[in-house]
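Novice:
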Amino acid sequence: MDFETANGKRYSACSVALTVVRNDQIVDEFYSLIKPDTPFFWRNTKIHGIHTQDVADAPDFPTLWPHIAPLFQRDRLIVAHNAMFDISVLRQSLQHYNLQTPQYLALDTVRTSRKFYPEFTNHKLNTICEKLNIQLQHHHNALDDSRACANILLSEAKKFGIEQLKPFVKVVA
């Protein structure tokens, strides 16, 4: 999962992507722009390249949520790189729009990467991808970031095993 935000407000999601993995393979992807109800801040736009006019015809978060909500179930694992950010964007967006917050499992590939690759100079998404030879076309494009995160998890699972990843799984409610 990856979100981009329009400004410093965590409920200002302006894009979301989900990459679905089953049986150690990417089997589906979802990407959408989101029309936030708060204005864009130039710094955020500079990072992800999304402008107000890009989201003019995009759905707002309450319209989009029913399409992705089925993926957030108590037995499903949601993975993000720097998951605290993405989980807080989801949580605050749900609260902002008075939508029910689901319970689901989460894993942060920043944390797993710190554990498995302490020798790396940093654990930013682009650094991890470069070191593991994982393609990351456009950093801060939600779909590319989500796909890269999925590939980091698959790489770590293959190299270190599922049992080594289990302690990083947390329940989010």
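In terms of this note's numbering, the sequence shown opens at residue -16 and continues consecutively. Backbone N, C-alpha and C define an ideal beta-carbon position, used for all residues, glycine too.
Closest by CA to Phe55, which one among Trp25, Tyr87, Asp37?
Specialist: Position 72 of the sequence shown, counting from 1, holds the residue named residue 55. Comparing Cα-Cα distances from Phe55 to each of Trp25, Tyr87, Asp37, the minimum goes to Tyr87.
Novice: By Cβ distance below 7 Å, which residues in the same chain neighbour His121 in space, the five residues on each side in sequence not counted?
Specialist: The count along the sequence shown starts at 1 and reaches residue 121 at position 138. Taken in chain order, the residues that qualify are Asp127.
Novice: With a threshold of 6 Å on Cβ separation, who are the neighbours of His123 within its own chain once the five nearest residues in sequence on each side are excluded?
Specialist: Looking up residue 123 in the sequence shown gives position 140. Ile30, His31, listed in sequence order.
Novice: Measuring CB atoms only, is the segment 13 to 26 touching the segment 94 to 110, in the sense that at least three cross pairs come out at less than 8 Å?
Specialist: Judged by Cβ distances under 8 Å, the segment 13 to 26 makes no contact with the segment 94 to 110, as fewer than three pairs qualify.
Novice: Roughly how far, in whole angstroms, is the beta-carbon of Ala89 from the beta-carbon of Cys132, given that I think they are within contact range, below 8 Å?
Specialist: Counting from 1 along the sequence shown, the entry for residue 89 is found at position 106. Counting from 1 along the sequence shown, the entry for residue 132 is found at position 149. With a Cβ gap of about 12 Å, Ala89 and Cys132 do not count as contacting.
Novice: Do you know whose CA, among Phe103, Thr92, Cys(-3), lies nearest Ala140's CA?
Specialist: In the sequence shown, residue 140 corresponds to position 157, counting from 1. Minimum Cα distance to Ala140 is reached at Thr92.
Novice: Closest by CA to Val152, which one among Phe68, Leu60, Asp(-15), Arg(-7)?
Specialist: Residue mapping note: residue 152 aligns to position 169 of the sequence shown, counting from 1. Checking every option, the nearest Cα to that of Val152 belongs to Leu60.
Novice: Using DSSP with H/G/I as helix, E/B as strand and the rest coil, what is Val89?
Specialist: Taking the sequence shown and counting its residues from 1, the one referred to as residue 89 is at position 106. The sequence as given places Ala at residue 89; Val does not occur at that position. Ala89: strand per DSSP, three-state reduction.
Novice: Following the continuous alpha helix (DSSP H) through Asp127, name the residue where it begins and the one where it ends.
Specialist: In the sequence shown, counting from the first residue as 1, residue 127 sits at position 144. It spans 125 to 143 - the alpha helix (DSSP H) in which Asp127 sits, taken as one unbroken run.
Novice: Taking C-beta to C-beta, are Ala125 and Asp(-15) nearer than 8 Å?
Specialist: Along the sequence shown, read from residue 1 onward, the residue named residue 125 stands at position 142. Along the sequence shown, read from residue 1 onward, the residue named residue -15 stands at position 2. Yes, the pair counts as a contact, with Cβ atoms nearer than the cut-off.
Novice: Among residues of its own chain, excluding the 5 on either side of Leu82, which ones have a beta-carbon nearer than 7 Å to its beta-carbon?
Specialist: One-based indexing of the sequence shown puts residue 82 at position 99. Hits under 7 Å: Pro45, Trp48.
Novice: Just to confirm the assignment: which complete alpha helix (DSSP H) runs, minimum length 4, are found wholly within the segment 43 to 94?
Specialist: Fully enclosed alpha helix (DSSP H) runs of 4 or longer: 44 to 51, 66 to 79.
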